[in-house]
Amino acid sequence: MRLVAYISMLLIIGCSYSQAQTFVAKVSKSSLKVGEQFKLQFVFDEKGQGFKAPDLSAFRVYAGPNQSSSMKWVNGVVSNNLSFSYVLSPKAEGNFEIKPASVTFKGKSFSSQPIKIKVSKAQSQSSSVGQNQSTAAQSAAPKASNGMDKNVFLRVQVSKLKPYEGEQVIATYKLYYRIDVINIEAEKLPAFKGFSSYDVNMKNNNMPQEIVNGVRYNVAAIQQVVLFPQRSGELVVDALQLKTIVRVVSNRRPRSVFDQFFGSYQDVEHLCQSPKLKLQVRPLPNKGKPANFKGAVGSYSFNTELDKDSLAANDAMNLKVLIKGRGDINLLPEPAFKFPADFEVYDPKLNTSSVVSPSGIKGRKSFEYLVIPRHSGKFKIESEGFSYFDPKQGKYVSVASKSYDITVDKVEGEEENNTFRASKKEDIKFVGSDIRYIKTEKQALSNLDEHFYRSAFFWALLLLPSLLMLIAHFVLRQLMKGQNDIALIRRRKAASMANKHLAAASKALKENSDEVYEAISIALYGYLSNKLNIDTVDLNRDNIKEELANKQVSASLIKELEELLNSCDMARFSPSAAGDKQALFDQSKSLINQLENTLS
Amino acid sequence: MKLLVSLLASLMFSLCFAQDDHYLAKIEQANGAYAEAAYDSTLSIYTEVYQSGYESFSLYYNMANSFYKQGEIPSAILFYERAIKLNPSDKDAQFNLAIAQEASVDKIEKLPVFIGSQFWKNFRSSYTMDSWAWLAILFLLLSSLSFFLFIRAKDAGTRKVFFYGSIFCVSLFLLSMISAESAYNYRFKKESGIIFSPSITVQSAPAQNSGELFVLHEGTKVIILGEENTWYNIRLEDGNEGWVPSASIEPI
Chain C
415 MRLVAYISML LIIGCSYSQA QTFVAKVSKS SLKVGEQFKL QFVFDEKGQG
465 FKAPDLSAFR VYAGPNQSSS MKWVNGVVSN NLSFSYVLSP KAEGNFEIKP
515 ASVTFKGKSF SSQPIKIKVS KAQSQSSSVG QNQSTAAQSA APKASNGMDK
565 NVFLRVQVSK LKPYEGEQVI ATYKLYYRID VINIEAEKLP AFKGFSSYDV
615 NMKNNNMPQE IVNGVRYNVA AIQQVVLFPQ RSGELVVDAL QLKTIVRVVS
665 NRRPRSVFDQ FFGSYQDVEH LCQSPKLKLQ VRPLPNKGKP ANFKGAVGSY
715 SFNTELDKDS LAANDAMNLK VLIKGRGDIN LLPEPAFKFP ADFEVYDPKL
765 NTSSVVSPSG IKGRKSFEYL VIPRHSGKFK IESEGFSYFD PKQGKYVSVA
815 SKSYDITVDK VEGEEENNTF RASKKEDIKF VGSDIRYIKT EKQALSNLDE
865 HFYRSAFFWA LLLLPSLLML IAHFVLRQLM KGQNDIALIR RRKAASMANK
915 HLAAASKALK ENSDEVYEAI SIALYGYLSN KLNIDTVDLN RDNIKEELAN
965 KQVSASLIKE LEELLNSCDM ARFSPSAAGD KQALFDQSKS LINQLENTLS
Chain A
614 MKLLVSLLAS LMFSLCFAQD DHYLAKIEQA NGAYAEAAYD STLSIYTEVY
664 QSGYESFSLY YNMANSFYKQ GEIPSAILFY ERAIKLNPSD KDAQFNLAIA
714 QEASVDKIEK LPVFIGSQFW KNFRSSYTMD SWAWLAILFL LLSSLSFFLF
764 IRAKDAGTRK VFFYGSIFCV SLFLLSMISA ESAYNYRFKK ESGIIFSPSI
814 TVQSAPAQNS GELFVLHEGT KVIILGEENT WYNIRLEDGN EGWVPSASIE
864 PI
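So the sequence lines, in the order shown, correspond to chains C and A. By the count of our numbering, the first sequence reaches residue 1014 at its end, each step adding exactly one. By the count of our numbering, the second sequence reaches residue 865 at its end, each step adding exactly one.
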């Protein structure tokens, strides 16, 4: 028995697991009237993904898709559930089919079944006064006839038709009605392209009655917006579309006693649309535009505040700028400051508070700068001031701001701690190292402006060697010249000297004395000595021969001279052995003449 | 002539030493104060000597050390640079300068120095300016001598030797002169300076508010390219150029 129970249980579990996933579409009503709301739901019994909705263009979508998932744990069995739901209402009568939606689970795609919907023509529904108003909104009211525009209509009113760029314009959408309006539903909200817009939080929608075209209307402000045109030219204030349900007196026959008593009414849907309004936005004038104008329009007050103007390096100070006034506070530009380039300036802290009221936007914006000077010295924070365009006056207004002189002192600790100086740079090379000690050895001082190079002494020394060389050169040349002269003179005088000696010899010849030989010898040697520029003492046969050979004297002549000198010497030392004196004399004379001819 | 030269020289030296002695004693005294960490008085004595118109490598180096100890980094850097100008090869001065520069604010990427110019700088600084001057005189003397001998010599071989010897000596003389001149310019021309203003904005033209280029801080070395009224045209070691008021720079 127990076994059977187990098996059946297992079977049940197995069944539940093997059970195919289902994706079902459900509708709350399959037959309905135009404008009637119904609920469409797609349910999938697992955790699916990638839901694809069918085409619902034939319906007005009020809500959805709203996704919900649930997990159930029943008797140890887990079941998941995923659903997507819509609230829809058909737009027109006819037969519609809601096409299948699809979802994927574990890579498989599941589709729901199509659903057919039948929409019949809306019927005007009468209701009595006591009925709940909210049902009117839910159920579709019949469309109102054309004449309704005179009873209920929307208008937009702007505070200014030709504003300046950036000037605030207050647009008020007003509903004019002279019949009861039961419900209002925004059909299309304006987008306000080209404006920055701020909704006014209205406390009271009721406004005083107004007379339009001789008819008195109740007026309710539907929406009030503060607009700031962002560019010049033609800008359109968008239309507001409202779906109103108005109560009109029914012209049908009363159905009950209550109707008779209270009258029969009918709730009618009426679509109101405000006319589009064109604004001619004027550009800001170029004339008189301050250099520091950055687009602020409105009327403002400008204030700057510096918390201290004297501080130590690396300390922080605060510069606060406060702009108060009317205008587009949120878009107020950052005021320009010229901080010293060496200051560390952080992005300002912004603080904006504004109130949007029917008379426009009023508020304050503060910029708080944190400034840290990193080095000592005297600095100046210059402000370019603040300028705005005042559309009321139609001109630019500049508010000059103070410039601040700031004294930054050295950090005190820096001077005391001077034996160890941690390097401030990124890659530290000399951590904990100290400078090397001073030089204590004596070193000769030199005058700052005194230097040897380029001094007169230097130039003098530089010129000296060249000068010395020149002098030496000239002196030597002079000396050499002298030496050469002596040799020349000797050479020139050689012949005449020889003649002199020969004359002495001829005198001796006449006396027939033996001195002839000596005189001839002197004449010859003297001549040679003078002619060859060799001292008589140094003169000998060898160098005579050599010198004469050098001077290209013919060998025969040299030989003749040698013989002559030999015979002279012989005659001098043994006169008896000597030959004819006259012949010797003549020979000597002719030899000297020959030599003179060759040597000169 | 010789007599005159030696007389002149001895006169000069004696004059120098007569004045030196007084100040050398003072420096000795200051060095003692430095050892006792009385940097105030050390500095005042050094400054006195410096302001009397004297200089020496060790004076500048010691002054720089004292400035550094006093926390006056820009002055320390300035005097280290001046000391290095007088003796470019001193390792201590270079080491201390590097430490002082670490303590200054701006970190400037140095452009790589052209290897030839670095070689030339090293070569030039192997002798002082005056040594180069003396070398120039020596080489001119030698070249004159060999030229003289070249003229006088009768023998062709000897003449050749002296001729080339003379040309060789003339080129050495020219080299010495160029080195001396280069050292002179390095020493006396305002080629570079140290920023003394704690913070100074470099302008794009020699006028205030002409266009802010970058900010420099005290202790930064700049190369002075030119001068215009009260403005210096400067170049950083990373190659950037601009104008700063000349009051904010102390030339080295």
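Ideal Cβ placement from N, Cα and C applies to all residues, glycine included.
- Task: Kindly give me the distance between the Cβ atoms of A:Y693 and A:V662, rounded to whole angstroms, as I take these residues to be in contact under 8 Å.
- Result: Locating residue 693 of chain A in the second sequence gives position 80, where the first residue counts as 1. Locating residue 662 of chain A in the second sequence gives position 49, where the first residue counts as 1. Your pair A:Y693 and A:V662 does not check out as a contact, with CB atoms roughly 17 Å apart and the cut at 8 Å.
- How is A:S596 classed by DSSP in three states: helix, strand or coil? Shown here, chain A extends from 614 to 865; a query on residue 596 of chain A therefore has no answer.
- Hey, does C:L698 have any beta-carbon neighbour from chain A nearer than 8 Å? Here the question's residue 698 of chain C lines up with position 284 in the first sequence. So no, C:L698 is outside the interface.
- Task: Kindly say whether A:Y845, judged by its beta-carbon, lies nearer than 8 Å to any beta-carbon of chain C.
- Result: What you label residue 845 of chain A is simply residue 232 of the second sequence in a count that begins at 1. No, A:Y845 does not count as interfacial toward chain C.
- Apart from the five residues just before and just after C:P697, which ones in its own chain have a Cβ nearer than 7 Å to its Cβ? Residue 697 of chain C sits at position 283 when you count from the first residue of the first sequence. Taken in chain order, the residues that qualify are E579 and S646.
- Mind listing the chain A neighbours of C:F751? Cutoff is C-beta to C-beta under 8 Å, in chain order. By 1-based counting over the first sequence, the position of residue 751 of chain C is 337. Result: empty, since nearest Cβ-Cβ is about 15 Å, beyond 8 Å.
- Query: C:S1004 by DSSP, collapsed to three states: which one?
  - Reply: Within the first sequence, the letter at position 590 stands for residue 1004 of chain C. In this structure, C:S1004 counts as helix in the three-state DSSP scheme.
- Would the segment 673-683 of chain A and the segment 700-711 of chain A be scored as touching if the rule is three or more Cβ pairs under 8 Å? yes
- Message: How far does the alpha helix (DSSP H) with C:P643 in it extend, from its first residue to its last?
- Response: In the first sequence, counting from the first residue as 1, residue 643 of chain C sits at position 229. Taken as a continuous stretch (DSSP letters only), C:P643 belongs to no alpha helix (DSSP H), being part of the beta strand (DSSP E) at V629 to P643.
- Item | Cutoff 6 Å; reference C:F458; Cβ partners in own chain excluding five residues on either side | Taking the first residue of the first sequence as 1, we reach residue 458 of chain C at position 44. Result list for C:F458: F437, L496 and V517, in chain order.
- Per DSSP, which one or two residues make a beta bridge with C:H684? Along the first sequence, read from residue 1 onward, the residue named residue 684 of chain C stands at position 270. Paired residue(s): C:T658.
- Query: Which residues does DSSP pair with C:D819 in a beta bridge?
  - Reply: Stepping through the first sequence from its first residue, residue 819 of chain C is reached at position 405. Its beta-bridge partners are C:K794.
- Item | Sequence ranges, beta strand (DSSP E) only - wholly within the segment 814-850 of chain A, length at least 3 | 825-830, 834-841 and 844-848
- Using DSSP bridges, identify the partner residues of A:K682. In the second sequence, residue 682 of chain A corresponds to position 69, counting from 1. Answer by DSSP bridge pairing: none, since A:K682 is not bridged.
- Query: From the beta carbon of C:Y578, is the nearest beta carbon of chain A less than 8 Å away?
  - Reply: Indexing the first sequence from 1 puts residue 578 of chain C at position 164. The Cβ of C:Y578 sits no closer than 8 Å to any Cβ of chain A.
- Query: By Cβ distance below 7 Å, which residues in the same chain neighbour A:K803 in space, the five residues on each side in sequence not counted?
  - Reply: Residue mapping note: residue 803 of chain A aligns to position 190 of the second sequence, counting from 1. Once the five neighbours on either side are set aside, the close Cβ partners of A:K803 are I837 and P864.
- How long is the line joining the alpha carbons of A:F840 and A:S861, rounded to whole angstroms? Position 227 of the second sequence, counted from the start, is the residue given in the question as residue 840 of chain A. Position 248 of the second sequence, counted from the start, is the residue given in the question as residue 861 of chain A. One point to set straight first is that residue 840 of chain A is Glu, not Phe, in the sequence displayed. A:E840 and A:S861: Cα-Cα distance of roughly 13 Å.
- Message: Measuring only the C-alpha atoms, how far is C:P699 from C:K809?
- Response: The residue you call residue 699 of chain C lines up with position 285 of the first sequence. The residue you call residue 809 of chain C lines up with position 395 of the first sequence. Put simply, the backbone Cα of C:P699 is about 8 Å away from that of C:K809.
- Cβ pair C:V735, C:P749 closer than 8 Å: Against the first sequence, residue 735 of chain C aligns to sequence position 321. Against the first sequence, residue 749 of chain C aligns to sequence position 335. Taking 8 Å as the Cβ cut-off, C:V735 and C:P749 qualify as a contacting pair.
- Item | C:N861 - partner residues in DSSP beta bridges | In the first sequence, residue 861 of chain C corresponds to position 447, counting from 1. Per DSSP, A:Y667.
- Task: Give the DSSP-derived three-state secondary structure of C:I593 in the structure shown.
- Result: Residue 593 of chain C sits at position 179 when you count from the first residue of the first sequence. In the structure shown, C:I593 sits in coil (DSSP, three-state: anything other than H, G, I, E or B).
- If we call anything under 8 Å between Cβ atoms a contact, is A:S688 one with A:Y647? Locating residue 688 of chain A in the second sequence gives position 75, counting from the first residue. Locating residue 647 of chain A in the second sequence gives position 34, counting from the first residue. Against a cut-off of 8 Å, the Cβ pair of A:Y647 and A:S688 comes out as no contact.
- Item | Backbone secondary structure at A:S688 - three-state DSSP | Residue 688 of chain A sits at position 75 when you count from the first residue of the second sequence. Helix, per DSSP.
- Query: Hey, is C:D723's beta-carbon within less than 8 Å of any beta-carbon in chain A?
  - Reply: Here residue 723 of chain C is taken as the residue at index 309 of the first sequence, counted from 1. Chain A places no beta carbon closer than 8 Å to that of C:D723, leaving this residue out of the contacts.
- Item | Proximity to A:H830 [Cα-Cα], best of A:P701, A:Q821, A:P811 and A:K698 | On the second sequence, position 217 is the one that residue 830 of chain A refers to. Out of A:P701, A:Q821, A:P811 and A:K698, A:P811 has the C-alpha closest to the C-alpha of A:H830.
- Query: Whose C-beta lies closer than 7 Å to the C-beta of A:L849 among residues of the same chain, with five residues either side of it excluded?
  - Reply: As a working note, residue 849 of chain A is residue 236 in the second sequence. Taken in chain order, the residues that qualify are I721 and V835.
- Message: Would C:S503 and C:A439 qualify as a contact pair, given that the criterion is a beta-carbon distance under 8 Å?
- Response: In the first sequence, counting from the first residue as 1, residue 503 of chain C sits at position 89. In the first sequence, counting from the first residue as 1, residue 439 of chain C sits at position 25. Against a cut-off of 8 Å, the Cβ pair of C:A439 and C:S503 comes out as no contact.
- Task: Indicate whether at least one CB of chain C lies closer than 8 Å to the CB of A:S757.
- Result: Sequence index remark: in the second sequence, residue 757 of chain A carries index 144 (1-based). Chain C contact via Cβ: present.
- Task: Anything in chain C within Cβ reach of A:W745, meaning under 8 Å, just list it in chain order.
- Result: The residue you call residue 745 of chain A lines up with position 132 of the second sequence. Y867, listed in chain order.
- Identified DSSP bridge partners for C:R740: For the purposes of this step, residue 740 of chain C is identified with residue 326 of the first sequence, where counting begins at 1. DSSP lists C:S713 and C:K776 as partners of C:R740.
- Supposed contact pair C:P689 and C:V570 - C-beta distance, whole angstroms, cut 8 Å: One-based indexing of the first sequence puts residue 570 of chain C at position 156. One-based indexing of the first sequence puts residue 689 of chain C at position 275. With a Cβ gap of about 7 Å, C:V570 and C:P689 count as contacting.
- With 8 Å set as the bound, which would you pick, yes or no: does the beta-carbon of A:I862 sit closer than that to a beta-carbon of chain C? Position 249 of the second sequence, counted from the start, is the residue given in the question as residue 862 of chain A. Not one chain C Cβ lies under 8 Å of A:I862.
- Item | Within 8 Å, strictly: CB atoms of C:E925 and C:R986 | In the first sequence, residue 925 of chain C corresponds to position 511, counting from 1. In the first sequence, residue 986 of chain C corresponds to position 572, counting from 1. No, they are not a contact pair.
- Query: How should C:W487 be labelled, buried or exposed, when 16 other C-beta atoms within 10 angstroms of its C-beta is the threshold for buried?
  - Reply: The sequence position of residue 487 of chain C within the first sequence is 73, counting from 1. Flag for C:W487 reads exposed.
- Query: Buried or exposed: C:N732, going by 16 or more other Cβ atoms within 10 Å of its Cβ?
  - Reply: Residue 732 of chain C sits at position 318 when you count from the first residue of the first sequence. Under this definition C:N732 is an exposed residue.
- What is the DSSP secondary structure of C:A755, reduced to helix, strand or coil? As a working mapping, residue 755 of chain C is identified with position 341 in the first sequence. Reduced to three states, the DSSP call for C:A755 is coil.
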